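Given below as structure tokens:
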């Protein structure tokens, strides 16, 4: 974390779904409010799962926000006395979010972005790689794999529908769950897919004790 006297900088909080990204974003924003710093919060208008005018986590942690249809809108909406800008679900914006974050940082603003670093196939998601590259601070969070209990870094899409086959399908627990690398079942047409047979029954079974033990040791 960077000292508040730094003129302007970018922080990114990333990870899989259910890893606590939004909770961490809201926590940092509320701490800034306690420090009497003016904050403004933005999110893509496409994300209306829980509220149209709040950034809200799966556990109902929330803070007032403004929905925008494009990242470039943010530049004109940030007020002169704003010290901290929060941006949730950054992966849903196009690459212009990187330019926007850079411009705000050069204006002396602390920019905190939260988003998925990988899509449901396990591929880098939208502008996130570039955003991670230009950030001064990166925090990568993990969830818990629902299959084996290991640290989860992937988001598993749990439904199939011809009308909902694109990368951007907004949903929550009814559509996605957290998985570790070994329990994740990506689209095998993806060049990033792991060589796993999704029809193999063992994929959905708990991992062998040795694997689970190694996973537990890795997070201690």
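Numbering (this note's numbering), first residue to last: 113 to 332.
By construction, the Cβ of each residue, glycine as well, lies at the ideal position given by its N, Cα and C atoms.
Keep in mind it's a predicted model, so treat the numbers as computed, not measured.
* Asked: What residue range is occupied by the uninterrupted beta strand (DSSP E) comprising residue 249?
  -> 249–253
* Under 8 Å, do residue 186 and residue 154 count as touching if we go by C-beta distance? -> yes
* Per DSSP, what kind of secondary structure is residue 185 in: helix, strand or coil? -> helix
* Should residue 226 and residue 134 be called a contact, given that it needs their Cβ atoms to be closer than 8 Å? -> yes
* Asked: Taking all protein chains shown into account, do 16 or more other C-beta atoms lie within 10 angstroms of the C-beta of residue 245, making it buried, or fewer, making it exposed?
  -> exposed
* Under the assumption that residue 224 contacts residue 259 (Cβ atoms under 8 Å), give the Cβ distance between them as a whole number of angstroms. => Residue 224 to residue 259, Cβ: 31 Å. No contact.
* Identity of the residues DSSP links to residue 102 by a beta bridge -> The structure shown does not extend to residue 102, since the chain spans only 113 to 332, so no value can be given for it.
* Going by beta carbon distance, what residues of the same chain come within less than 6 Å of residue 265, once the five residues before and after it are set aside? -> 128 and 254
* Name the one or two DSSP bridge partners that residue 154 has. => 178 and 199
* **Ordered list of beta strand (DSSP E) runs contained in the region 203–235, each at least 3 residues** => 222–228
* Pull up the CB-CB distance for residue 178 and residue 138, whole angstroms please, since I reckon it's below 8 Å. => So it is not a contact: roughly 15 Å between Cβ atoms.
* Supposed close pair residue 221, residue 194 - CB separation, criterion 8 Å -> 6 Å
* Asked: Candidates 262, 145 and 123: which alpha carbon is nearest residue 210's?
  -> 123
* Asked: Would residue 126 pass as a contact of residue 240 if the rule is Cβ separation under 8 Å?
  -> yes
* Nearest to residue 157 (by Cα), restricted to the options 202, 151, 140 and 142 -> 202
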